[in-house]
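Shown next, in structure tokens, is the structure this report addresses.
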DNA sequence: TATCAAACAGGACAACCGGTCTGTTTTTTG
DNA sequence: CAAAAAACAGACCGGTTGTCCTGTTTGATA
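Residue numbers (our numbering), protein chains in the order written: chain P, -2 to 205; chain Y, -2 to 205.
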């Protein structure tokens, strides 16, 4: 070990970047290993930071978990579902494309880690009221966006279907499908559910 | 503290009952708190046993977890889904009744703890291959039973629908619905999904 | 430039975790 | 009925966990 040439890396003193790096590492770790199986020391090591830095930005592990849900997980749901559905031509189109896009990205990756929201929802909902509230809020935004798009679709005349209920089924089907996908490490459940869901969505348009 | 009148409870030396009690406590604890959040000491204390007894029947925590999945969780799925669906008049009838029965039992209980299979599937599938295999097997038995019932239904003429795919959607919808129910601590998502799913199931019968 | 708070570094700690070990009691076996 | 095996009791251990504490360095402020 040559010590003479080793200089300590200077501190960057960029609190925003530090906080972002912690959230990056934490959200990735929580998704792949889960909240309880990830220790604060794991996060410190993977992020290359010390306990002081972690404690400064997130005094407790719980506060870090809440920040991951409110900032990273919410943003992920927005990118994968909320924005695509809003921009889509029709609700059905946006929903089925979201399924397909996620299924494709799963095939590209080696492992199926599951939906970050669903993972934390199942693990932490009953563990803590604050976690539950944070998770519920993201689910709510997700569901209501789909419901709004369904209402906006001109092909569905008012009263024939219940957009809020149909949106709930879509979210539930996706969450369950990705849970199945995680269990059998395959994207097939996602594609299967998309196909079957498509029948209901197209059927609702002309039958109600 | 009066010690003179205290007698040590005699050992029962009933290994089957001891093993059953451990599985009772463990499966209940795993469902309400999750696998990783439940310590072996928790189980020992709640079951009123010592480390020696626990280690004798289940040398490792993992072996206990596998036994819970293979014996208790599998049995729970059989009782709540597999047997009711087999005995039902039609597949649609059995499926919707299973949703409704579970929703009712959730209302009776104070808390929504989620589906024991789904909980452990999400928490442990990526953590260990043996857990994944055990979970997948239960999912498989569940799905194939529904698919078989769908095939047996005379109202669905052959080729019009894909029973295996429809069964996957049913299981996924239920798993996701109960995840939503757990998140918002309400049985509503379950009832909503049952209603929406009913449209697809009845529609499949006469339209395909 | 002196002052002060924010932003880290890094060690320490009590509690806890899963697993092991030795010993004792009961049942089963030969 | 002796011997062996099974079924426990209960203490113990090394490693890990989340959190806290004391410094030190930097940027903001006045």
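Using N, Cα and C, we set each Cβ at its ideal position, and we do this for glycine too. Owing to the predicted nature of the structure, the values given are computational and were not obtained by experimental measurement.
Output needed for residue 86/Y: all residues of its chain with C-beta closer than 6 Å, excluding positions within five of it in sequence on either side, in chain order. Residue 86/Y sits at position 89 when you count from the first residue of the second chain. Answer for residue 86/Y: no residue qualifies.
Residues, ordered as in the chain, of the segment 20 to 50 of chain P that lie near chain Y by beta-carbon distance below 8 Å: 29, 30, 31, 33, 34
Who are the neighbours of residue 92/Y on chain P, taking C-beta pairs under 9 Å? For the purposes of this step, residue 92/Y is taken as the residue at position 95 of the second chain. Among the residues of chain P, none has a CB under 9 Å from the CB of residue 92/Y; the nearest is roughly 13 Å distant.
Buried or exposed, going by whether 16 or more other CB atoms sit within 10 Å of the CB of residue 115/Y? On the second chain, position 118 is the one that residue 115/Y refers to. The residue is buried, with at least 16 neighbouring Cβ atoms inside 10 Å.
Taking CB distances under 7 Å as the criterion, tell me whether residue 112/P reaches chain Y. As a working note, residue 112/P is residue 115 in the first chain. Closer than 7 Å: no.
With H, G and I counted as helix, E and B as strand and the rest as coil, what does DSSP make of residue 85/P? Translated into the one-based positions of the first chain, residue 85/P becomes position 88. In this structure, residue 85/P counts as coil in the three-state DSSP scheme.
If we call anything under 7 Å between Cβ atoms a contact, is residue 54/Y one with residue 16/Y? For the purposes of this step, residue 54/Y is identified with residue 57 of the second chain, where counting begins at 1. For the purposes of this step, residue 16/Y is identified with residue 19 of the second chain, where counting begins at 1. For residue 54/Y and residue 16/Y, yes; Cβs fall inside 7 Å.
Using the beta-carbon of each residue, which ones in chain P are nearer than 7 Å to residue 186/Y? Stepping through the second chain from its first residue, residue 186/Y is reached at position 189. Those within 7 Å of residue 186/Y in chain P are 165, 169.
Can you tell me which of 9/Y, 12/Y, 126/Y puts its alpha carbon nearest to the alpha carbon of residue 59/Y? Translated into positions along the second chain, residue 59/Y becomes position 62. Taking only the C-alpha atoms, the option nearest residue 59/Y is 126/Y.
So residue 124/P contacts chain Y; which residues on that side make the cut at Cβ distance below 8 Å? On the first chain, residue 124/P is found 127 positions in, with the first residue counted as 1. Correct list: 30, 31, 34.
Grouping DSSP H, G and I as helix and E and B as strand, with all else coil, what is residue 206/P? Nothing about residue 206/P can be reported from this structure: the residues present for chain P run from -2 to 205 only.
Please list the terminal residues of the continuous alpha helix (DSSP H) segment that includes residue 140/Y. Within the second chain, the letter at position 143 stands for residue 140/Y. Counting along the chain, the alpha helix (DSSP H) containing residue 140/Y begins and ends at 126 to 149.
Answer with yes or no whether the minimum CB distance from residue 145/P to chain Y is below 7 Å. The residue you call residue 145/P lines up with position 148 of the first chain. Chain Y contact via Cβ: absent.
Could you tell me whether the Cβ of residue 102/P comes closer than 7 Å to any Cβ of chain Y? Here residue 102/P refers to the residue found at position 105 of the first chain. Chain Y contact via Cβ: absent.
Could you tell me the alpha carbon to alpha carbon distance between residue 148/P and residue 166/P, rounded to whole angstroms? Taking the first chain and counting its residues from 1, one reaches residue 148/P at position 151. Taking the first chain and counting its residues from 1, one reaches residue 166/P at position 169. Going by the C-alpha atoms only, they are around 15 Å apart.
Per-residue burial, residue -2/P [other beta carbons within 10 Å of its own, 16 or more giving buried]: Here residue -2/P corresponds to residue number 1 of the first chain, with the count starting at 1. Annotation note: pLDDT 33 at residue -2/P (below 50); position unreliable, coordinate value reported separately. Burial call: exposed.
Reduced DSSP secondary structure (H/G/I, E/B, other) of residue 39/P: Residue 39/P sits at position 42 when you count from the first residue of the first chain. Residue state, collapsed to three classes: helix.
Residue 70/Y: contacting residues in chain P (beta-carbon distance under 9 Å): Sequence index remark: in the second chain, residue 70/Y carries index 73 (1-based). Within 9 Å Cβ-Cβ: nothing; residue 70/Y doesn't reach chain P, min ~12 Å.
So if I threshold CB-CB distances at 8 Å, which residues from the segment 188 to 199 of chain P count as touching chain Y? 189, 190, 192, 193, 194, 196, 197
Would you decide whether residue 137/Y is buried or exposed? Buried here means 16 or more other CB atoms lie within 10 Å of its CB. Locating residue 137/Y in the second chain gives position 140, counting from the first residue. Exposed is the call here.
Determine whether the Cβ of residue 9/P lies closer than 7 Å to any Cβ atom of chain Y. Within the first chain, residue 9/P is the residue found at index 12, counting from 1. False, the Cβ-Cβ gap to chain Y never drops below 7 Å.
So what does DSSP say about residue 196/Y, is it helix, strand or coil? Position 199 of the second chain, counted from the start, is the residue given in the question as residue 196/Y. In the structure shown, residue 196/Y sits in a helix (DSSP, three-state: H, G or I).
Just to confirm before moving on: does the CB-CB distance between residue 28/Y and residue 162/P stay below 7 Å? As a first step, residue 28/Y is located in the second chain; it is residue number 31 there, counting from the start. As a first step, residue 162/P is located in the first chain; it is residue number 165 there, counting from the start. No, the pair does not count as a contact, with Cβ atoms beyond the cut-off.
Under the rule that 16 or more other beta-carbon atoms within 10 Å means buried, what is residue 38/P, buried or exposed? Position 41 of the first chain, counting from 1, holds the residue named residue 38/P. So residue 38/P ends up on the exposed side.
What span of residues does the alpha helix (DSSP H) with residue 162/Y cover, start to end? Numbered from its first residue, the second chain carries residue 162/Y at position 165. Residue 162/Y -> alpha helix (DSSP H) spans 160 to 181.
CA-to-CA distance, residue 18/Y to residue 8/Y, given in whole angstroms: By 1-based counting over the second chain, the position of residue 8/Y is 11. By 1-based counting over the second chain, the position of residue 18/Y is 21. Distance between the alpha carbons of residue 8/Y and residue 18/Y is about 14 Å.
With a cut-off of 7 Å, does the C-beta of residue 177/P fall near any C-beta of chain Y? Translated into the one-based positions of the first chain, residue 177/P becomes position 180. At least one CB of chain Y lies nearer than 7 Å to the CB of residue 177/P.
Report yes if the CB atom of residue 79/P is closer than 7 Å to the CB atom of residue 140/P, and no otherwise. Here residue 79/P refers to the residue found at position 82 of the first chain. Here residue 140/P refers to the residue found at position 143 of the first chain. Cβ distance not < 7 Å, so residue 79/P and residue 140/P don't count as in contact.
Segment limits, alpha helix (DSSP H) that includes residue 59/Y: Along the second chain, one-based indexing puts residue 59/Y at 62. Looking at the DSSP string, the run of the alpha helix (DSSP H) that includes residue 59/Y is 58 to 64.
Give the residues from the segment 126 to 139 of chain Y that approach chain P closer than 7 Å (Cβ to any Cβ), ordered along the chain. 129, 132, 133, 136
Could you list which residues in chain Y have their beta carbon closer than 7 Å to that of residue 60/P, in chain order? As a position in the first chain, residue 60/P is number 63, starting the count at 1. Chain Y residues near residue 60/P: none, gap ~18 Å exceeds 7 Å.
Is the Cβ-Cβ distance between residue 133/Y and residue 181/P less than 7 Å? Sequence index remark: in the second chain, residue 133/Y carries index 136 (1-based). Sequence index remark: in the first chain, residue 181/P carries index 184 (1-based). Going by C-beta atoms, residue 133/Y is nearer than 7 Å to residue 181/P.
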